[in-house]
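Asker: Note that the protein sequences, when read in sequence, are chains B, X and H. This note's numbering applies: residue 261 is where the first sequence begins, and numbers increase by one. This note's numbering applies: residue 373 is where the second sequence begins, and numbers increase by one. This note's numbering applies: residue 116 is where the third sequence begins, and numbers increase by one. Glycine residues also receive a C-beta, built at the ideal position from the N, C-alpha and C atoms.
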Amino acid sequence: MAELNSPDDLPAVKATHPAREMAVMFFRNYNAVFGLILLIAILLFTFVGPYIHTVDPFEMVWAPFARPGEEGFLFGTDYLGRDILSAMMAGGRVSMAIGLAAALISLIIGVTVGAFAGYYGGWIEELLMRFTEFFQVLPTLLFSMVIVALFGASLLTVTLAIGVVSWTAVARVTRSEFLRIREMEYVAAARSGSAKDGYLIFRVILPNALPPIIVQANLMVGSAILFEAALSFLGLSDPNVMSWGQVIGSNREYILDAGYAVAIPGFAIFLTVLAISLIGDGLNDALNPKLRQR
Amino acid sequence: MTHPLLSVEEVVVDFETRAGKARVLDHVSLEVASGEILGIVGESGCGKSMTALSIMGLVPDPPGKVTSGSIKLEGRELVGLDHESLRRIRGKDIGMIFQEPMTSLNPVFTVGEQIAESIRLHENASPKAAMARAVEMLRSVEIPEPEMRAKAYPHQLSGGMRQRVMIAIALACRPRVLIADEPTTALDATVQAQIFDLLQDLQSEMGTAIILITHDMGAIAELADNVAVMYAGRVVEKGRVETVLSAPEHPYTKGLITCVPHLEPDPPIEREVLMEIPGVVPALTELGVGCAFAPRCAEKIAQCESAKPALRASPDAHLTACWVAEQEAGR
Amino acid sequence: MSLWKAIVTRIGYGLLLLLAVLVLNFTLISIAPGDIADSIAGDMGGADAEVIEEIRERYGLNEPFYVQLWKYMSGVFRFDLGYSYFFNVPVTEIVLERLPATLLLVVSAQVLAIVSGTFLGVLAAKNPRGILNAVVTFLALFGFAAPVFWTGILLIIAFVSVIPIFPVGGMRDVTVEGGFFVQTLDLLYHLVLPMVTLASIYLALYSRLARASMQEVLGADYVRTARAKGVPERTVLYKHALKNALGPVITVAGLQFASVISGAVVVETVFSWPGLGTLALQSILARDTPTIMGILFFSSLVVIVFNILTDIALRLVDPRIKSG
Chain B
261 MAELNSPDDL
271 PAVKATHPAR
281 EMAVMFFRNY
291 NAVFGLILLI
301 AILLFTFVGP
311 YIHTVDPFEM
321 VWAPFARPGE
331 EGFLFGTDYL
341 GRDILSAMMA
351 GGRVSMAIGL
361 AAALISLIIG
371 VTVGAFAGYY
381 GGWIEELLMR
391 FTEFFQVLPT
401 LLFSMVIVAL
411 FGASLLTVTL
421 AIGVVSWTAV
431 ARVTRSEFLR
441 IREMEYVAAA
451 RSGSAKDGYL
461 IFRVILPNAL
471 PPIIVQANLM
481 VGSAILFEAA
491 LSFLGLSDPN
501 VMSWGQVIGS
511 NREYILDAGY
521 AVAIPGFAIF
531 LTVLAISLIG
541 DGLNDALNPK
551 LRQR
Chain X
373 MTHPLLSVEE
383 VVVDFETRAG
393 KARVLDHVSL
403 EVASGEILGI
413 VGESGCGKSM
423 TALSIMGLVP
433 DPPGKVTSGS
443 IKLEGRELVG
453 LDHESLRRIR
463 GKDIGMIFQE
473 PMTSLNPVFT
483 VGEQIAESIR
493 LHENASPKAA
503 MARAVEMLRS
513 VEIPEPEMRA
523 KAYPHQLSGG
533 MRQRVMIAIA
543 LACRPRVLIA
553 DEPTTALDAT
563 VQAQIFDLLQ
573 DLQSEMGTAI
583 ILITHDMGAI
593 AELADNVAVM
603 YAGRVVEKGR
613 VETVLSAPEH
623 PYTKGLITCV
633 PHLEPDPPIE
643 REVLMEIPGV
653 VPALTELGVG
663 CAFAPRCAEK
673 IAQCESAKPA
683 LRASPDAHLT
693 ACWVAEQEAG
703 R
Chain H
116 MSLWKAIVTR
126 IGYGLLLLLA
136 VLVLNFTLIS
146 IAPGDIADSI
156 AGDMGGADAE
166 VIEEIRERYG
176 LNEPFYVQLW
186 KYMSGVFRFD
196 LGYSYFFNVP
206 VTEIVLERLP
216 ATLLLVVSAQ
226 VLAIVSGTFL
236 GVLAAKNPRG
246 ILNAVVTFLA
256 LFGFAAPVFW
266 TGILLIIAFV
276 SVIPIFPVGG
286 MRDVTVEGGF
296 FVQTLDLLYH
306 LVLPMVTLAS
316 IYLALYSRLA
326 RASMQEVLGA
336 DYVRTARAKG
346 VPERTVLYKH
356 ALKNALGPVI
366 TVAGLQFASV
376 ISGAVVVETV
386 FSWPGLGTLA
396 LQSILARDTP
406 TIMGILFFSS
416 LVVIVFNILT
426 DIALRLVDPR
436 IKSG
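#1: Could you tell me the alpha carbon to alpha carbon distance between Thr252 of chain H and Arg323 of chain H, rounded to whole angstroms?
#2: Give a yes or no on whether 7 angstroms exceeds the smallest Cβ distance from Lys241 of chain H to chain X.
#3: Comparing the C-beta of Phe325 of chain B with each C-beta of chain H, is any distance below 7 angstroms?
#4: Show which residues of chain H have a CB atom less than 9 angstroms away from the CB atom of Ala292 of chain B.
#5: By the DSSP assignment, the alpha helix (DSSP H) with Arg339 of chain H in it spans what residues?
#6: Would you verify that the beta carbon of Phe264 of chain H is, or is not, closer than 7 angstroms to some beta carbon of chain B?
#7: Determine the extent of the alpha helix (DSSP H) in which Thr124 of chain H is found, giving its start and end residues.
#8: Specify, as a first and last residue, the run of the alpha helix (DSSP H) that Asn291 of chain B falls within.
#9: On the criterion of 16 or more Cβ atoms from any shown chain inside 10 Å, does Ala522 of chain X qualify as buried, or is it exposed?
#10: Excluding five sequence neighbours on each side, which residues of the same chain lie with their C-beta closer than 6 angstroms to the C-beta of Ser379 of chain X?
#11: At the 7 angstroms Cβ level, is Val645 of chain X part of the contact set with chain H, yes or no?
#12: Alpha carbon to alpha carbon, how far is Leu431 of chain H from Gly362 of chain H? Give it in angstroms, no decimals.
#13: I'd like the list of long-range same chain contacts for Phe470 of chain X, defined as Cβ closer than 6 angstroms, with 5 residues on each side in sequence excluded.
#14: If you follow the beta strand (DSSP E) that Leu584 of chain X is in, where does it begin and where does it stop?
#15: Could you please tell me which residues of the region 346-373 of chain H, in chain order, have their CB closer than 9 angstroms to any CB of chain B?
#16: Determine whether the beta carbon atoms of Ala375 of chain B and Leu388 of chain B lie at a separation below 7 angstroms.
#17: I need the straight-line Cα distance from Ile626 of chain B to Leu439 of chain B, nearest angstrom please.
#18: Report the neighbours of Thr389 of chain X on chain H: residues whose CB is nearer than 9 angstroms to its CB, in chain order.
#19: Along chain H, in chain order, which residues have C-beta atoms closer than 7 angstroms to that of Thr475 of chain X?
#20: Report yes if the CB atom of Ala581 of chain X is closer than 7 angstroms to the CB atom of Glu449 of chain X, and no otherwise.
#21: Quick check on Met285 of chain B - is its C-beta less than 7 angstroms from some C-beta in chain H?
#22: Under 7 angstroms, Cβ to Cβ, is there at least one residue of chain X near Ser438 of chain H?
#23: Consult DSSP for Ala323 of chain B and reduce its assignment to one of helix, strand or coil.
#24: Out of curiosity, what's the CA-to-CA distance linking Pro499 of chain B and Gln506 of chain B?
#25: List, in chain order, every chain B residue whose beta-carbon is nearer than 7 angstroms to that of Ser415 of chain H.
#26: So Met329 of chain H and Ala428 of chain H are in contact, right, with Cβ under 8 angstroms, and what is the actual spacing, rounded?
#27: Over the uninterrupted beta strand (DSSP E) stretch that includes Tyr321 of chain H, give me the two end residues.
#28: Does the region 488-504 of chain B come close enough to the region 442-458 of chain B to have 3 or more Cβ pairs within less than 8 angstroms?
#29: Using only CA atoms, which one of B:Ile312, B:Gly519, B:Thr306, B:Leu531 lies nearest to Ala273 of chain H?
#30: Tell me which same chain residues have a C-beta within less than 6 angstroms of the C-beta of Leu264 of chain B, skipping the five on either side of it?
#31: Expressed to the nearest angstrom, what Euclidean distance is found between the alpha-carbon atoms of Ser377 of chain H and Val480 of chain X?
#32: Figure out for me which residue from B:Ala363, B:Phe335, B:Ala449 has the closest Cα to the Cα of Pro525 of chain B.
#33: Leaving aside the five residues before and after Leu410 of chain X along the sequence, list all residues of the same chain whose C-beta is less than 6 angstroms from its C-beta, in chain order.
#34: Contact defined as beta carbons within less than 8 angstroms: I believe Phe281 of chain H pairs with Thr406 of chain H. What is the distance between those atoms, to the nearest angstrom?
#35: Taking a cut of 8 angstroms between CB atoms, which residues from the region 522-541 of chain X lie near chain H?
#36: Short of 8 angstroms Cβ to Cβ, which residues in the region 385-413 of chain H face chain X?
See the structure below:
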């Protein structure tokens, strides 16, 4: 066997093959392909849509509560007579952006906490896992409501509030992967080669721990979108920014007169999160080597 | 053997798999009389365990199915019997112990409860009487302090202890047939000997017929009265243990015997040639028209690859399915 | 016994967690922009600098952070969580008044979700090619993806305009008269829709989990042993297999309590259910900080208590668990 000086030498040999295998695995899962198509359709709707349908989502364009289809308003108008179709396009961009940003924040916190806990073990692990447990005891929504209420409802605080309360699952997954991988022979080999801790954590172990973390991160984008919608529904969102949750929150007093104004954005959230979780299932199959062997 | 207690006749079991239809048991015939021990030997995947499951009526369905054949317990047909009647027979008339004592006991019930359950299922015993019987069973499988051990959970016992508990469960209702599927494979050598002693003692005491499934020719030589050698779902040789071990006819049987150093057939077999059997058991979906052992056989002739040999009798009720053996006998 | 020792440890540890919750909240409030005195003054219809200073003096807002924190914490251990500026009652009083409604909603939804989810999961695992398997898969996707308020609102729309058989708001009908039994019935009648809405999220989770757990257990050697003993198939399923499969469901259900309370906040708002969630929203909009902190304190307490109960349940189901 050839000598291996660093673990970086390992994957280069077989890099192309598993990637193709993963793609095949992913596309063999019809649900995942359906999710991918759905997500692309939603992205087209929100990003390309506004160039075709150019109505300002904040402008009062008609009488309030025009039913969907009435007067050429595909999704009707809301309680202020604003076009819901435009609101859906603008709101989708914001909802998805908040979802992505919040997931990224909790990914960074969770991976850091989990990686250090799993790598160092001992009292560091104990401390970090107690810290994680502490965040699991707080009802997340209540906690982020408090944050938003105290620091004001802006795009930034809402995103931060979601991010800092939802990282516990990532931390747990990362920790258990690190616990498993740090016992592997190639880690021991790298360790005996007097590699630094930082190198071992981020260059040796983390790349190998990624598959379950990716799956978890993907799901987190979905739950962050739901989280933002719940906060907006409760009226705790930036009133100057249109998001799907915002549309629902501002119309919720009128559900019996204009149920569609709430049902339509709710359905959009449902479809988006559904697409994301279908893709997550596909990723899980594709990245899980145990399943791939079947 | 005028009236076998249990007889398996020409049983065929097929499995529907994604790779195609697999014939897991191919016209298997066996019989065992009261108070006898029948050994079934072969490598893993040869159909030993499936034979046991088909007797128990526990062939996983789907994907498996008993396609044809007959299994009779004291003349009563078991194949095609309804679920409820089969269930009443399992554990009462036929008991079974498994290969993995570590995982075969339910971890969330005490061992006493697990033995008593068997008794309560098949006999009209009160919970208290059943538990008392369970303690007695623990005593008869030579577990020290049975009253205390009955309250223990499986994870608190050693592997040998757990296998004793399994035997207690299987024998709780004094079945007429006990199927022991590799009962000692997962255990230490000393514990193995203890378990075999225990099985022999209990058998002579209760008169139970035992079907001992194993890949260990040594155990067969020590314990069994009759032996059946299985390969790729078929019985390739069977007869009295003395006869088969001293004068094996099938090359596969010869191979199995030479794997055990202290067994010395007469005339002796050239050990250098057959210290181990080359190759592995073929996939059951890939069997050709010829003898399934042919690809691994050192003695094969042209006929071996064109047709499957049937079981043919030689003196002493010794049956072998081998073209070479047949040719030699005919000469 | 080890069980009692474990429980005592858990309780001690829970107290530490509660302490941490208090410190965190107090810290957040003190670093947040704005000032409680301003918001109280705002409630009074505006006040000049002198009055604000007086309010600061009265509520001890001029004292250093750690003094305020110490005063608050020593109060908490006497069950004094301060005074609500907005509701004009002690915080403990208003929180305890609203807590039972939330507990009723949370516990009933959890029980409904666990029991029906487990049952669905067992049936789906028993028959992998059956229709129930598709139902569980569908439920799992729906339950994760559907925003809980949206589910609630759809139910309201359905039960107001399509089949008006369940009340869609509040906890009691003031026009209903009668004894304890009639009142309880009325309460349960109002509970149906909020409970079902909240349970829908977790039903999806538990049924999927129970199915996976049962599928694994049904392939276990001890299930084969049970069949070989002649145990009837129903008993194999519901006694031998289920007791083993329950562990993961209980563990996850225990971890979900904090999340269920979060869900309850939204569901309470949708159905005007007078619990902690609606109280939290009211006090947040009014910037009634002592009440908000009281709610966070009590809801964390509830989560901790349920975690301990989960731990006990897990030990009862699985004798192999020695230490948490």
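Answerer: With the structure as the only source:
#1: Distance from the CA of Thr252 of chain H to the CA of Arg323 of chain H, rounded to the nearest whole angstrom, comes to 7 angstroms.
#2: No, its Cβ sits nowhere closer than 7 angstroms to a Cβ of chain X.
#3: With 7 angstroms as the cut-off, Phe325 of chain B does not count as an interface residue toward chain H.
#4: Result: empty, since nearest Cβ-Cβ is about 12 angstroms, beyond 9 angstroms.
#5: First-last of the alpha helix (DSSP H) with Arg339 of chain H: 336-343.
#6: Interface residue, yes.
#7: Where Thr124 of chain H is concerned, the enclosing alpha helix (DSSP H) stretches over 117-146.
#8: Annotation for Asn291 of chain B: the continuous alpha helix (DSSP H) segment containing it runs 290-307.
#9: Residue environment analysis places Ala522 of chain X among the buried positions, since at least 16 neighbouring C-beta atoms fall within 10 angstroms of its C-beta.
#10: Exclusion of the five residues before and after Ser379 of chain X leaves Glu403, Lys444 as the residues of its chain whose Cβ lies within less than 6 angstroms of its Cβ.
#11: Its pLDDT being 44, under 50, Val645 of chain X is placed unreliably in this model, and the value from its coordinates should be taken loosely. So, not an interface residue.
#12: Rounded to the nearest angstrom, the two C-alpha atoms are 10 angstroms apart.
#13: The beta carbon of Phe470 of chain X sits closer than 6 angstroms to those of Ser476, Asp553, all from its chain and outside the five residues before and after it, given in chain order.
#14: Start and end: 581-586.
#15: Within the region 346-373 of chain H, the residues whose Cβ lies closer than 9 angstroms to some Cβ of chain B are Leu370, Phe372, Ala373, listed in chain order.
#16: Contact annotation: Ala375 of chain B and Leu388 of chain B have beta-carbon atoms that are not nearer than 7 angstroms.
#17: Residue 626 of chain B cannot be examined here, being either before or after the span of chain B that is shown, 261 to 554.
#18: Scanning chain H for C-beta atoms nearer than 9 angstroms to the C-beta of Thr389 of chain X yields nothing, as the closest lies near 16 angstroms away.
#19: What Thr475 of chain X touches in chain H: Ala335, Asp336, Tyr337.
#20: No, Cβ-Cβ distance for Ala581 of chain X and Glu449 of chain X is not below 7 angstroms.
#21: By this cut-off, Met285 of chain B is not an interface position.
#22: Legend: pLDDT at Ser438 of chain H = 40, less than 50; position of this residue unreliable, no value from coordinates given.
#23: Three-state result, Ala323 of chain B: coil.
#24: When the Cα atoms are used, Pro499 of chain B and Gln506 of chain B turn out to be separated by approximately 8 angstroms.
#25: Residues of chain B passing the Cβ test: Val397, Leu398.
#26: The pair is not a contact, with the Cβ atoms about 18 angstroms apart (cut-off 8 angstroms).
#27: Annotation for Tyr321 of chain H: no beta strand (DSSP E) segment contains it, though the alpha helix (DSSP H) segment containing it runs 295-333.
#28: Taking 8 angstroms as the limit for Cβ pairs, the verdict is that the region 442-458 of chain B does not touch the region 488-504 of chain B.
#29: Considering only alpha carbons, the answer is B:Gly519.
#30: For Leu264 of chain B, the pLDDT reaches just 38, beneath the cut-off of 50, and the residue's location in the model is therefore unreliable, leaving the point undetermined.
#31: Taken atom to atom, the span from the alpha-carbon of Ser377 of chain H to that of Val480 of chain X is near 34 angstroms.
#32: Relative to the Cα of Pro525 of chain B, the nearest Cα in the group B:Ala363, B:Phe335, B:Ala449 belongs to B:Phe335.
#33: Here the set comprises Val404, Ile583, Asn598.
#34: Approximately 31 angstroms separates the beta-carbon atoms of Phe281 of chain H and Thr406 of chain H; this is outside 8 angstroms, ruling out the contact.
#35: Using a CB distance below 8 angstroms, the part of the region 522-541 of chain X facing chain H consists of Tyr525, His527, Met538, Ile541, ordered along the chain.
#36: For the region 385-413 of chain H, the set of residues with a beta-carbon nearer than 8 angstroms to any beta-carbon of chain X is empty.
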